[in-house]
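Engineer:
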Amino acid sequence: AATDNLAYGIAIAALVAALSLLFADWSARAVQQFYGVPGISVPHLASAQILPIAIIQNWIMDRIPGSNRININTETIERRFGVFGEPVVLGLIIGLVLGAIAFYNAGDLSVVLAKVLGTGMTLAAVMLLLPRMV
Numbered sequence: 439a440a441t442d443n444l445a446y447g448i449a450i451a452a453l454v455a456a457l458s459l460l461f462a463d464w465s466a467r468a469v470q471q472f473y474g475v476p477g478i479s480v481p482h483l484a485s486a487q488i489l490p491i492a493i494i495q496n497w498i499m500d501r502i503p504g505s506n507r508i509n510i511n512t513e514t515i516e517r518r519f520g521v522f523g524e525p526v527v528l529g530l531i532i533g534l535v536l537g538a539i540a541f542y543n544a545g546d547l548s549v550v551l552a553k554v555l556g557t558g559m560t561l562a563a564v565m566l567l568l569p570r571m572v
């Protein structure tokens, strides 16, 4: 409703669809390797919009000596940090920190504590459920 022009809306929608499909084709090989499923791509704008930034960041990281040999995945984090490397515990800790930063001035102590703990538990649940849904 920014321009009240149907032709502009259709043109922009077509452009966005074309860019989304272009980015999906561009990333199809990496998606197929990651998921182990041949012949797939992810043609959603929500996942495609970060693709150019990720490619540039990956190119930069590959040129920094030593950074291209770093192997960070869930197994190495869990092995190195033990129980604190579990995704649920990491989510809880990160959620508590973010909640404390966000709600430090939200009222009396009981309100702040409830909001901080709620944020921590919510992020812990997200860290548990999201990898299973993807």
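Numbering (the numbering used here) for the sequence shown: 439 to 572.
Note that beta-carbon positions come from the ideal geometry of N, C-alpha and C, so glycine has one too.
Rank 569, 536, 545 and 568 by C-alpha distance to the C-alpha of residue 555 and give the top, closest one.
Structural biologist: Numbered from its first residue, the sequence shown carries residue 555 at position 117. Answer by Cα proximity: 536.
Engineer: Shorter than 8 Å from the beta carbon of residue 447 to some beta carbon of chain E?
Structural biologist: The structure shown contains no chain E, having only a single protein chain.
Engineer: Ordered along the chain, which non-local residues of its own chain (more than five positions away) have a Cβ less than 7 Å from that of residue 459?
Structural biologist: Translated into positions along the sequence shown, residue 459 becomes position 21. Same-chain partners within the cutoff: 481.
Engineer: Taking the beta carbon of residue 451 as the centre, do at least 16 other beta carbons fall within 10 Å, making it buried, or is it exposed?
Structural biologist: In the sequence shown, residue 451 corresponds to position 13, counting from 1. By the neighbour-count rule (16 or more Cβ atoms within 10 Å), residue 451 is not buried but exposed.
Engineer: On the three-state DSSP scale, how would you describe residue 463?
Structural biologist: Along the sequence shown, one-based indexing puts residue 463 at 25. Residue 463 falls in the helix class under three-state DSSP.
Engineer: Please list the terminal residues of the continuous alpha helix (DSSP H) segment that includes residue 513.
Structural biologist: Position 75 of the sequence shown holds residue 513. 512 to 519 is the extent of the alpha helix (DSSP H) around residue 513.
Engineer: With residue 562 and residue 526 assumed to form a contact (beta carbons below 8 Å), what rounded beta-carbon distance in angstroms separates them?
Structural biologist: Translated into positions along the sequence shown, residue 562 becomes position 124. Translated into positions along the sequence shown, residue 526 becomes position 88. That pair is a contact at about 5 Å.
Engineer: Helix, strand or coil, according to DSSP, for residue 480 in the structure here?
Structural biologist: Position 42 of the sequence shown, counted from the start, is the residue given in the question as residue 480. The answer is coil: DSSP assigns residue 480 none of H, G, I, E or B.
Engineer: Provide the residue span of the alpha helix (DSSP H) that contains residue 501, from first to last.
Structural biologist: For the purposes of this step, residue 501 is taken as residue 63 along the sequence shown, with counting starting at 1. Taken as a continuous stretch (DSSP letters only), the alpha helix (DSSP H) holding residue 501 covers 489 to 501.
Engineer: What residues in its chain sit with their C-beta under 7 Å from that of residue 476, if we drop five residues either side in the sequence?
Structural biologist: In the sequence shown, residue 476 corresponds to position 38, counting from 1. Cβ neighbours of residue 476 beyond the five flanking positions: 470.
Engineer: Would you tell me roughly how many angstroms separate the C-alpha atoms of residue 483 and residue 534, rounded to the nearest one?
Structural biologist: Position 45 of the sequence shown holds residue 483. Position 96 of the sequence shown holds residue 534. Roughly 31 Å between the two C-alpha positions.
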